[in-house]
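For the sequence shown, counting from 1, position 32 maps to 583 in this note's numbering; every step adds exactly one.
Ideal Cβ positions, reconstructed from N, Cα and C, are used throughout, including at glycine.
Note that this is a predicted model, so its numbers are computed, not measured.
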Amino acid sequence: MNKKKAIATITIIIAVGLLVAGGILIYQNYSNKNRIITSFNELKTALEETLNLNKEDESTSIKQTVTGSTTFNINTMLGNSEDGTDVIINNLNSSIFNYEYRLDTESKRMYLDGSLLLNNIEMLGINFYQAEDISYVFLRNIFDKYIVIEDSDIFSYLEENKTTKEDINYIYDKIIESLGNNVTTDDIKVTSVDGKKKISLELNEKRLNEISKVIIDDLKKDNKAKEILGENLDNLDTSTETTKNNNNNNYISYSIYLDKGNITTYEFGLNNDDTNYNIEFNNGNEKSIIIKENDVEALKGIIRKNNDNTTIELSSDNINLGTITINDNNININIILDEETNTIITADITSSTTDNNIITNFNMALSSNGSNIDIIKVTDTKQIIENTADFSNINPTNNIDINSLTEEDLTTIENNLTTILYNFMGFAM
Numbered sequence: 552m553n554k555k556k557a558i559a560t561i562t563i564i565i566a567v568g569l570l571v572a573g574g575i576l577i578y579q580n581y582s583n584k585n586r587i588i589t590s591f592n593e594l595k596t597a598l599e600e601t602l603n604l605n606k607e608d609e610s611t612s613i614k615q616t617v618t619g620s621t622t623f624n625i626n627t628m629l630g631n632s633e634d635g636t637d638v639i640i641n642n643l644n645s646s647i648f649n650y651e652y653r654l655d656t657e658s659k660r661m662y663l664d665g666s667l668l669l670n671n672i673e674m675l676g677i678n679f680y681q682a683e684d685i686s687y688v689f690l691r692n693i694f695d696k697y698i699v700i701e702d703s704d705i706f707s708y709l710e711e712n713k714t715t716k717e718d719i720n721y722i723y724d725k726i727i728e729s730l731g732n733n734v735t736t737d738d739i740k741v742t743s744v745d746g747k748k749k750i751s752l753e754l755n756e757k758r759l760n761e762i763s764k765v766i767i768d769d770l771k772k773d774n775k776a777k778e779i780l781g782e783n784l785d786n787l788d789t790s791t792e793t794t795k796n797n798n799n800n801n802y803i804s805y806s807i808y809l810d811k812g813n814i815t816t817y818e819f820g821l822n823n824d825d826t827n828y829n830i831e832f833n834n835g836n837e838k839s840i841i842i843k844e845n846d847v848e849a850l851k852g853i854i855r856k857n858n859d860n861t862t863i864e865l866s867s868d869n870i871n872l873g874t875i876t877i878n879d880n881n882i883n884i885n886i887i888l889d890e891e892t893n894t895i896i897t898a899d900i901t902s903s904t905t906d907n908n909i910i911t912n913f914n915m916a917l918s919s920n921g922s923n924i925d926i927i928k929v930t931d932t933k934q935i936i937e938n939t940a941d942f943s944n945i946n947p948t949n950n951i952d953i954n955s956l957t958e959e960d961l962t963t964i965e966n967n968l969t970t971i972l973y974n975f976m977g978f979a980m
């Protein structure tokens with residue numbers, strides 16, 4: 552082989568090698584960016600499954616009447632005669648809250664009658680009636696007319712149905728799509744931590760403002776997003792000038808840790824010159840949520856699921872803080888205040904259903920060195936009648952628009968309310 556041919560051959564080999572290396576580098580950069588963008592949907596799915604957020608609401612409309620009452624039992628030892636808390640506690644223990652509400656989401660009507668009785672005498676009562684987008688509020692013993700509030704459509708918040716979930720998912724997907732279109736490979740950092748590949752999306756203040764502006768603009772260009780978000784989208788400001796500060800020590804980050812291609816940890820971080828905050832969600836064999844400050848575990852919750860039971864074991868910097876246990880009819884909380892004296896606060900929320908009757912109990916107690924002290928007990932008993940909501944006996948014609956209330960009216964409301972509260976607290980007027 553002559554000298555010219557040898558040089559040409561070597562040149563071709565080097566060129567091919569550079570092209571291959573460049574192609575691999577470009578592919579890796581694109582692959583890393585694509586992997587972290589697609590991980591947002593994996594994170595959403597993992598959180599929904601872990602926290603039982605993906606349960607479908609089978610009911611798209613509600614029509615029912617509910618009547619019930621709530622009683623209180625607070626340990627009188629918690630009261631103090633010097634600050635008057637003993638009177639408040641005794642009055643609460645002598646009180647009962649009776650209520651009735653009727654709801655028909657299809658006709659967009661709701662009615663609530665609530666009454667707080669002290670020693671069987673009504674201290675405070677309220678009648679609230681919602682008819683489509685108009686609210687009527689009657690405050691018994693405070694004001695003698697219904698107060699009318701127009702353009703108050705609360706049903707948009709009450710009606711949680713499949714459409715709402717689909718709308719949320721649509722907006723979420725559009726945000727992730729826009730993020731993926733505007734993040735560059737320069738925003739991606741790749742490292743190795745404990746043998747796992749770590750891919751991070753890091754945005755300083757300047758890049759965060761730039762990308763946020765584009766995401767909002769993209770949503771405004773999407774007809775369905777505009778329909779879902781309405782005026783809330785129009786009120787978002789995209790004209791703010793981005794800062795020229797490009798200090799890489801101050802940034803937010805989103806990272807994923809991969810083991811053999813599978814994501815084991817999702818991490819959000821806020822980093823500045825003084826303090827770093829991180830929230831981790833580990834989705835491996837041991838599921839956990841960890842909050843860190845400067846790499847120290849401020850709070851850790853290990854999530855364990857067994858059939859219908861979910862237990863969250865709490866700790867802080869390897870110190871046991873207690874547990875939270877959740878199932879369909881019970882929530883149990885045990886918080887350790889002092890391990891040496893075995894001082895623990897326990898709280899239980901239990902619910903039992905018989906036919907149309909539901910009894911819910913909330914109990915909180917303090918135990919220390921084997922002795923137990925009840926702190927508070929709240930009992931709620933209700934009856935639910937399905938497919939019944941009668942509004943025929945409601946007549947809010949004696950009313951005044953809220954914007955028409957005079958200074959005298961407002962003074963009357965304030966004085967009467969103050970008198971009731973002072974009487975309940977045992978203060979002389």
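Going by beta carbon distance, what residues of the same chain come within less than 6 angstroms of THR901, once the five residues before and after it are set aside? ASN881, ASN912
Sub-8 angstroms separation of TYR828 and GLY835 beta-carbons: No, the pair does not count as a contact, with Cβ atoms beyond the cut-off.
Best match in ASP724, SER658, ASP637, LYS614 for proximity to PHE591 [C-alpha to C-alpha]: PHE591 has its Cα closest to that of ASP724, out of ASP724, SER658, ASP637, LYS614.
ASP655: buried (16+ other C-beta within 10 angstroms of its C-beta) or exposed? buried
Cutoff 7 angstroms; reference THR874; Cβ partners in own chain excluding five residues on either side: Answer for THR874: THR862, ILE863, GLU864, LEU865, ASN885, listed in chain order.
Same chain only: Cβ atoms within 6 angstroms of LYS838, ignoring 5 sequence neighbours per side: Excluding five sequence positions before and after LYS838, the CB atoms of its chain that fall closer than 6 angstroms to its own CB belong to THR601, ILE854, given in chain order.
CA nearest to the CA of GLU753, picked from ASP769, TYR802, GLU728, ASN774: TYR802
Give the straight-line distance between the Cα atoms of ILE841 and SER806, rounded to the nearest whole angstrom. 14 angstroms
Endpoints, the alpha helix (DSSP H) within which ILE877 is located: First-last for ILE877: 870-878, but that is the beta strand (DSSP E), not the alpha helix (DSSP H).
Please return the same chain residues whose Cβ sits closer than 8 angstroms to the Cβ of LYS775, not counting the five positions on each side in sequence. Excluding residues within five positions, the ones whose Cβ falls inside 8 angstroms are TYR721.
By DSSP, does GLU728 sit in helix, in strand, or in coil? GLU728: helix per DSSP, three-state reduction.
Is it right to say LEU730 is buried, meaning 16 or more other beta carbons lie within 10 angstroms of its own, or is it exposed? buried
Span separating the alpha-carbon of GLU818 from that of ASN678: 48 angstroms
Does DSSP put ALA597 in a helix, a strand or coil? Helix, per DSSP.
How do the stretch 644-652 and the stretch 617-636 stand: do at least 3 beta-carbon pairs fall below 8 angstroms, yes or no? yes
In chain order, what are the residue ranges of uninterrupted beta strand (DSSP E) at least 3 long that sit wholly in the stretch 778-857? List check, beta strand (DSSP E) in window: 802-810, 813-822, 827-834, 838-844, 847-857.
Count the other CB atoms, across all protein chains shown, that sit within 10 Å of the CB of GLU701; report buried if there are 16 or more and exposed otherwise. exposed
What is the DSSP secondary structure of THR560, reduced to helix, strand or coil? Low confidence applies to THR560: its pLDDT is 43, below 50, so where it sits in the model is not reliable, and the reading given next is rough at best. Helix.
Can you give me the C-alpha to C-alpha distance between SER743 and SER751, rounded to a whole angstrom? Taking the straight line from one Cα to the other gives about 11 angstroms.
Which residue from LEU809, GLU728, GLY665, GLU683 puts its Cα closest to that of ILE762? GLU728
Which whole-angstrom value describes the C-beta separation of GLY676 and ARG653, a residue pair presumed to lie in contact below a C-beta threshold of 8 angstroms? Going by Cβ atoms, the distance from GLY676 to ARG653 rounds to 16 angstroms, so no, they are not a contact pair.
In whole angstroms, give me the CA-to-CA distance for GLY635 and SER919. 27 angstroms
Measuring CA to CA, which of SER703, ALA940, SER922, ARG758 is closest to ILE895? SER922
I need the straight-line Cα distance from LEU784 to GLU778, nearest angstrom please. 9 angstroms
If contacts are defined as beta-carbon pairs under 8 angstroms, then LYS928 and ASN624 qualify, I think. What distance do you get, rounded to the angstrom? 4 angstroms
I'd like the list of long-range same chain contacts for ASN845, defined as Cβ closer than 7 angstroms, with 5 residues on each side in sequence excluded. THR826, ASN827
Residue closest to ALA517, alpha-carbon to alpha-carbon, out of ASP899, THR905, ASN908: Only positions 552 to 980 of the chain appear in the structure, and residue 517 is not among them; the question remains open.
Per DSSP, what kind of secondary structure is VAL734 in: helix, strand or coil? coil
Do you know offhand how far ASP931's Cα is from THR963's? 33 angstroms
By the 10 Å Cβ neighbour count, where 16 or more other Cβ atoms means buried, how is TYR687 classified, buried or exposed? buried
Residues bridged to ALA898 [DSSP beta-bridge criterion]: ILE884, MET915
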